Amino acid sequence: MFKTIDRPASCEIRAVINFLNAKNVRPCETYGENAMSEGMVSKLVRMFNEGRKNVHDEERSCRPLLITEELVRCINEKVRSSRRFTISDL
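Position one of the sequence shown corresponds to residue 227 (the working numbering), numbered consecutively onward.
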């Protein structure tokens, strides 16, 4: 019987896909309903076959997060002072 991991990290899933790919396990045998789609597994297998070595998330050029400790504190104060506020009040 196989042991399952409740909430595996993405890098763990990619590492398993990379390992099974090295063992010549087909992508359709690798994916699971609780992990990721067959299409995503196929995409990762293709990337590993093309030379990708890293199983961790790659840096992206997306918008930087604007959440700061001060912003969290301000929002918490608003919520605690009046629970009937709206998003536009923020």
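Every residue, glycine too, gets a C-beta built ideally from N, C-alpha and C.
Because the structure is a prediction, the values reported are computed rather than measured.
Identity of the residues DSSP links to residue i by a beta bridge
i, result
"residue 266", "Answer is none; residue 266 lacks a bridge partner."
Residue i, buried or exposed, once every other Cβ within 10 Å from all chains shown has been counted against 16
i, result
"residue 305", "exposed"
"residue 256", "buried"
"residue 280", "exposed"
"residue 240", "buried"
"residue 247", "buried"
Residues near residue i by beta carbon distance below 7 angstroms, same chain, minus five either side
i, result
"residue 243", "256, 267, 270, 271"
"residue 254", "264"
As assigned by DSSP and simplified to three states, the class of residue i
i, result
"residue 310", "coil"
"residue 305", "helix"
"residue 235", "coil"
"residue 256", "helix"
"residue 246", "helix"
Nearest residue (CA-CA) to residue i, options the options
i, options, result
"residue 233", "297, 262, 310", "262"
"residue 237", "297, 310, 299, 282", "282"
"residue 284", "312, 294, 292, 273", "273"
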